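Protein chains in written order, with the numbering used here: chain D, 2 to 358; chain R, 15 to 324. Glycine is no exception: its CB is placed at the ideal position from the N, C-alpha and C atoms. Nothing here was measured: the structure is a model prediction, and the numbers come from that model. These notes concern the structure reproduced below.
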Amino acid sequence: MIKIEKRSEAPNSIYFLTPVLAIFLTLITGALIFFILGFKPLEALKFFFITPISDLYGLSELLIKATPLCLIAIGLSFCFKSNNWNIGAEGQLTFGGIVGGGVALLFYNHEGFYVLPLIILAGAIGGMVFALIPAILKVYFNTNEILVSLMLVYVSKLLLDYLVVGPWSNPEGFNFPETRQFSDSARLPILFEGLRIHAGIFIALISVLLAWIVFYKTYLGFQIKVSGLSLKTAKYAGYKGKTMILLVFMVSGACAGLAGVGEITGPIGQLHRMISPDYGFTAIIVAFLGRLNPIGIVFASLIVALTYLGAETAQIFLQVPKYTGQVFQGMILFFLLASDFLIFFKIKFLGFKKYEY
Amino acid sequence: MSIDINFIGILIGAIMASSVPLILAASGELITERSGVLNLGVEGMMIIGAISGFALMVITDNLFFAIIGSMFSGLLLSFIFGFLTQSLITNHVATGLALTIFGIGLSAMIGKDFVGIPGKEFPLLFVNFKETIPFFGPIFFGHSVIFYFAFLLPFVTNYFLKKTKIGLIVRAVGDSPISASNQGINVLLVRYCCILYGGAMCGLAGAYLSLIYTPQWIENMTAGRGWIALALVVFATWSPIKVLIGAVVFGGITILQLHMQAIGIRIPVQFLSALPYIMTIVVLVIISRDSRKIKLNTPTSLGQMFYKEK
Numbered sequence: 002m003i004k005i006e007k008r009s010e011a012p013n014s015i016y017f018l019t020p021v022l023a024i025f026l027t028l029i030t031g032a033l034i035f036f037i038l039g040f041k042p043l044e045a046l047k048f049f050f051i052t053p054i055s056d057l058y059g060l061s062e063l064l065i066k067a068t069p070l071c072l073i074a075i076g077l078s079f080c081f082k083s084n085n086w087n088i089g090a091e092g093q094l095t096f097g098g099i100v101g102g103g104v105a106l107l108f109y110n111h112e113g114f115y116v117l118p119l120i121i122l123a124g125a126i127g128g129m130v131f132a133l134i135p136a137i138l139k140v141y142f143n144t145n146e147i148l149v150s151l152m153l154v155y156v157s158k159l160l161l162d163y164l165v166v167g168p169w170s171n172p173e174g175f176n177f178p179e180t181r182q183f184s185d186s187a188r189l190p191i192l193f194e195g196l197r198i199h200a201g202i203f204i205a206l207i208s209v210l211l212a213w214i215v216f217y218k219t220y221l222g223f224q225i226k227v228s229g230l231s232l233k234t235a236k237y238a239g240y241k242g243k244t245m246i247l248l249v250f251m252v253s254g255a256c257a258g259l260a261g262v263g264e265i266t267g268p269i270g271q272l273h274r275m276i277s278p279d280y281g282f283t284a285i286i287v288a289f290l291g292r293l294n295p296i297g298i299v300f301a302s303l304i305v306a307l308t309y310l311g312a313e314t315a316q317i318f319l320q321v322p323k324y325t326g327q328v329f330q331g332m333i334l335f336f337l338l339a340s341d342f343l344i345f346f347k348i349k350f351l352g353f354k355k356y357e358y
Numbered sequence: 015m016s017i018d019i020n021f022i023g024i025l026i027g028a029i030m031a032s033s034v035p036l037i038l039a040a041s042g043e044l045i046t047e048r049s050g051v052l053n054l055g056v057e058g059m060m061i062i063g064a065i066s067g068f069a070l071m072v073i074t075d076n077l078f079f080a081i082i083g084s085m086f087s088g089l090l091l092s093f094i095f096g097f098l099t100q101s102l103i104t105n106h107v108a109t110g111l112a113l114t115i116f117g118i119g120l121s122a123m124i125g126k127d128f129v130g131i132p133g134k135e136f137p138l139l140f141v142n143f144k145e146t147i148p149f150f151g152p153i154f155f156g157h158s159v160i161f162y163f164a165f166l167l168p169f170v171t172n173y174f175l176k177k178t179k180i181g182l183i184v185r186a187v188g189d190s191p192i193s194a195s196n197q198g199i200n201v202l203l204v205r206y207c208c209i210l211y212g213g214a215m216c217g218l219a220g221a222y223l224s225l226i227y228t229p230q231w232i233e234n235m236t237a238g239r240g241w242i243a244l245a246l247v248v249f250a251t252w253s254p255i256k257v258l259i260g261a262v263v264f265g266g267i268t269i270l271q272l273h274m275q276a277i278g279i280r281i282p283v284q285f286l287s288a289l290p291y292i293m294t295i296v297v298l299v300i301i302s303r304d305s306r307k308i309k310l311n312t313p314t315s316l317g318q319m320f321y322k323e324k
């Protein structure tokens, strides 16, 4: 017979072993799904997870995709740790991209060292302001932040669509839904000749470092953690709950906004309809897979970035749709959450007894 | 004048038709939430319902199988959610999100061979009344079976929750799972049933889209309707009749927006398309401000994990 008991404390190692278990189970199930759909499972997995990163160019592409995921997930970890469910990072990314892109377009025929910092600042502020909407509504009107932040995703995407089709579209662009190309001063520098990897990765790494310091070395980090574990305790301890909510939303909005400008000043170089392949949603998975721990998030962002690359490769070689990556992303989160069971509960095997009363 | 009146009738009929998937999905989710479970996977279950309904229609050429199959596939997907949140006690929000992401991906994978295949004509009821009765004809007649089912469903749901014993049990489980459990109610069983019912209704809502409303398969064709359905449940403060009203209001915004575009009102298309989402936020703010109002029907244990020492 099996008995399930609640654990009082889980061994530390299990927190980092369960993500590995989740990835392993995802690969097995993924192979099974490929098999059912009539592909050779091992070959499909190879196209998905090995082919894309078997050369230097692939590795650089991996880092390009991991950068926004990591940045957004770091921001989200502030929210999730304090039990605030900001799931509209995609909208904050888009709005940050719009504000940053607007500044870039203002300076489209200017060159100067000040252009790029201005754009980046504008993007961060844009994301921050956009994240403040659900935060303020939550604090002052008691509104559900999950739904508001999510509805705003659609609003920001439609706004972007309006801008690139209408007032901001390239006057010499034959009515394509895109803006002018940004000037060279508005672009993040490329790190290596011949590859697309850009300086945005440093923004992500700095955010990882800052988040680590805040979480583990400051009183603020402690407050965030306590608010997440028990709101009552936080109130009793006299923490300013409302300020905290506004703050974590601002941090995560700013990170998402930075990811947005990182995309448009990095690999893209202009505004168009598709500045993000749902990085804002996928980053939620990254945050969980990384256990809301900054270092964990770095590894998680690399793994999840690989599902993006893998889907692109598999699309070319196996003609599977690009959404296949999402199947893997969803499964990773399923298995991760499921394996969390091992953290909170202990399974005891009691042997078989015939009469149990 | 009679032409104008008929046009308004057709418009109202179209508004009601476009609110059908919202009513179905939101009524299903309402039952799930009333039992204390918050399933954010509505969008994922709807899109899986849409593709499996369409695929079954193409393969079996039988609309009945297609409808049943779509409900069953929504149910299967919600079973994953139920197993994770109820048996493995995972976080409702994260699990629901995973379900949506997974559902959208899987539907595209299954649907890649079904893109561009034309749909089949779905039989409509009382078509001759639609043309002979002015104004009321196009509103009430000439719709599919699912249309009538959807408009009946909120009333049935209301009766079920308020007047039946099982409805009372569902509400008890949602308000206080521990007391319910002490009364000898099997909380897990009740919640599983409510989750599966919600999944089946979401699957049906998806099938309505791919079989009747726009009879074809397009990747990501639910286009955020699942999320609006979720917002509707809050908008309706967990009351089935208000779900119906809310769904028609949202359907109305969608249809009016299309018509305003068609008659050339000089507002950018994107602003009109953003209206339903902005309206959701505005309404959420208005109803959430009054905490007494929202507490009246809110399942107290919504989204909380329930675990009973065995």
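Alpha helix (DSSP H) segment containing asparagine 196/R, residue limits: Along the second sequence, one-based indexing puts residue 196/R at 182. Start and end: 191-196.
Short Cβ contact (8 Å threshold) for glycine 50/R with valine 187/R: Translated into the one-based positions of the second sequence, residue 50/R becomes position 36. Translated into the one-based positions of the second sequence, residue 187/R becomes position 173. A contact, by the Cβ cut-off of 8 Å.
Near the ligand ZN: tyrosine 141/D beta-carbon under 7 Å from a heavy atom: No copy of the ligand ZN appears in this structure; indeed no ligand is present at all.
Which of helix, strand or coil DSSP assigns to isoleucine 348/D: Taking the first sequence and counting its residues from 1, one reaches residue 348/D at position 347. DSSP places isoleucine 348/D in strand when its eight states are reduced to three.
Contact with chain R by glycine 124/D, beta-carbon distance below 8 Å: In the first sequence, the residue the question calls residue 124/D occupies position 123. Answer no: the Cβ-Cβ gap between glycine 124/D and chain R never drops below 8 Å.
In DSSP terms, what isoleucine 191/D is bridged to: Position 190 of the first sequence holds residue 191/D. Bridge partners of isoleucine 191/D: His199/D.
Meets three-Cβ-pair contact criterion under 8 Å: the segment 213-226 of chain R and the segment 154-162 of chain R: yes
Assigned secondary structure, glutamate 173/D (DSSP; H/G/I helix, E/B strand, else coil): Position 172 of the first sequence, counted from the start, is the residue given in the question as residue 173/D. Looking at glutamate 173/D - three-state DSSP - the assignment turns out to be coil, as it is neither helix nor strand.
Glycine 291/D: first and last residue of the uninterrupted alpha helix (DSSP H) it sits in: Taking the first residue of the first sequence as 1, we reach residue 291/D at position 290. Element bounds for glycine 291/D: n/a, residue is neither H nor E.
Cβ neighbour criterion (16 or more within 10 Å) applied to lysine 66/D: What you label residue 66/D is simply residue 65 of the first sequence in a count that begins at 1. By the neighbour-count rule (16 or more Cβ atoms within 10 Å), lysine 66/D is buried.
Cutoff 8 Å: valine 263/R Cβ touching any chain D Cβ: What you label residue 263/R is simply residue 249 of the second sequence in a count that begins at 1. With 8 Å as the cut-off, valine 263/R does not count as an interface residue toward chain D.
Close-in-space but distant-in-sequence residues of the same chain around threonine 74/R (CB under 8 Å, 5 per side omitted): For this step, residue 74/R is matched to residue 60 along the second sequence. Excluding positions up to five away in sequence, the list reads Ala80.
Inter-residue spacing [alpha-carbon to alpha-carbon] between glutamine 318/R and alanine 243/R: Here residue 318/R refers to the residue found at position 304 when the second sequence is read from its first residue. Here residue 243/R refers to the residue found at position 229 when the second sequence is read from its first residue. Rounded to the nearest angstrom, the two C-alpha atoms are 21 Å apart.
Collapsed DSSP secondary structure at glutamate 179/D in the structure displayed: Against the first sequence, residue 179/D aligns to sequence position 178. Strand.
Distance, isoleucine 304/D Cα to arginine 188/D Cα: Within the first sequence, numbered from 1, the residue matching residue 188/D stands at position 187. Within the first sequence, numbered from 1, the residue matching residue 304/D stands at position 303. In a straight line, the C-alpha of arginine 188/D is about 27 Å away from that of isoleucine 304/D.
Cα-Cα separation, valine 100/D to valine 141/R: To locate residue 100/D, count along the first sequence from 1; it is residue 99. To locate residue 141/R, count along the second sequence from 1; it is residue 127. The straight-line gap from Cα to Cα measures roughly 52 Å.
Contact under 8 Å by Cβ, alanine 122/R with proline 322/D: Here residue 122/R is taken as the residue at index 108 of the second sequence, counted from 1. Here residue 322/D is taken as the residue at index 321 of the first sequence, counted from 1. Their beta carbons are under 8 Å apart, which means alanine 122/R touches proline 322/D by this criterion.
Rounded separation between leucine 111/R and isoleucine 153/R - CA only: Within the second sequence, residue 111/R is the residue found at index 97, counting from 1. Within the second sequence, residue 153/R is the residue found at index 139, counting from 1. When rounded, the distance between both Cα atoms is 37 Å.
Three-state secondary structure (DSSP) of isoleucine 51/D: Here residue 51/D refers to the residue found at position 50 when the first sequence is read from its first residue. Correct three-state label for isoleucine 51/D: coil.
Secondary structure, alpha helix (DSSP H): runs of 4+ residues fully inside the segment 94-165 of chain R: 106-125, 141-146 and 150-154
Leucine 52/R and valine 129/R closer than 8 Å at C-beta: Taking the first residue of the second sequence as position 1, residue 52/R is located at position 38. Taking the first residue of the second sequence as position 1, residue 129/R is located at position 115. Contact: no.
Beta-carbon separation (whole angstroms), proline 135/D vs serine 150/D, contact threshold 8 Å: Counting from one through the first sequence, the residue named residue 135/D turns up at place 134. Counting from one through the first sequence, the residue named residue 150/D turns up at place 149. With 8 Å as the limit, proline 135/D and serine 150/D qualify as a contact, their Cβ atoms being about 4 Å apart.
Cut-off 6 Å between Cβ atoms - residues of its own chain near glycine 297/D, not counting five sequence neighbours on either side: Position 296 of the first sequence, counted from the first residue, corresponds to residue 297/D. Only Gly291 meet the Cβ criterion.
7 Å Cβ shell around phenylalanine 183/D - same chain, five flanking residues per side excluded: Stepping through the first sequence from its first residue, residue 183/D is reached at position 182. Closer than 7 Å at the Cβ level, and outside the excluded window around phenylalanine 183/D, lie Ala105, Tyr109, Thr266, Gly270 and Gln271.
Proximity winner among Ile124/R, Pro35/R and Val247/R, relative to tyrosine 162/R (alpha-carbon distances): On the second sequence, position 148 is the one that residue 162/R refers to. Here the closest residue by C-alpha is Pro35/R.
Nearest candidate by alpha-carbon position, reference phenylalanine 114/D, set Asp185/D, Glu44/D and Gly89/D: Within the first sequence, the letter at position 113 stands for residue 114/D. Of Asp185/D, Glu44/D and Gly89/D, the residue nearest in Cα terms is Asp185/D.
Exposure label - glutamate 57/R; buried when at least 16 CB within 10 Å: To locate residue 57/R, count along the second sequence from 1; it is residue 43. So glutamate 57/R counts as buried.
CB contact check: asparagine 105/R to chain D, cutoff 8 Å: Counting from 1 along the second sequence, the entry for residue 105/R is found at position 91. Closer than 8 Å to some Cβ of chain D, the Cβ of asparagine 105/R qualifies, so yes.
DSSP three-state assignment for glutamate 6/D, whether helix, strand or coil: Taking the first sequence and counting its residues from 1, the one referred to as residue 6/D is at position 5. Note: glutamate 6/D maps to strand in three-state DSSP.
Test: proline 322/D CB closer than 8 Å to a CB of chain R: Here residue 322/D refers to the residue found at position 321 when the first sequence is read from its first residue. Yes, contact with chain R.
Chain R residues whose Cβ lies nearer than 8 Å to that of threonine 360/D: Shown here, chain D extends from 2 to 358; a query on residue 360/D therefore has no answer.
is_contact[tryptophan 345/R, chain D] using C-beta, thresh 8 Å: Nothing about residue 345/R can be read from this structure; chain R reaches only from 15 to 324.
Buried or exposed by the 16-neighbour rule on C-beta atoms within 10 Å, applied to isoleucine 29/R: Here residue 29/R refers to the residue found at position 15 when the second sequence is read from its first residue. Flag for isoleucine 29/R reads buried.
Selected residue, minimal CA-CA separation from phenylalanine 21/R, among His273/R, Ser302/R, Leu139/R and Leu175/R: Numbered from 1 along the second sequence, position 7 holds the residue referred to as residue 21/R. Cα-wise, what sits closest to phenylalanine 21/R is His273/R.
Where histidine 273/R falls: helix, strand or coil (DSSP): The sequence position of residue 273/R within the second sequence is 259, counting from 1. In this structure, histidine 273/R counts as helix in the three-state DSSP scheme.
Proximal residues of chain R, C-beta to C-beta of glycine 242/D below 9 Å: For the purposes of this step, residue 242/D is taken as the residue at position 241 of the first sequence. Residues of chain R passing the Cβ test: none, with the nearest at roughly 16 Å.
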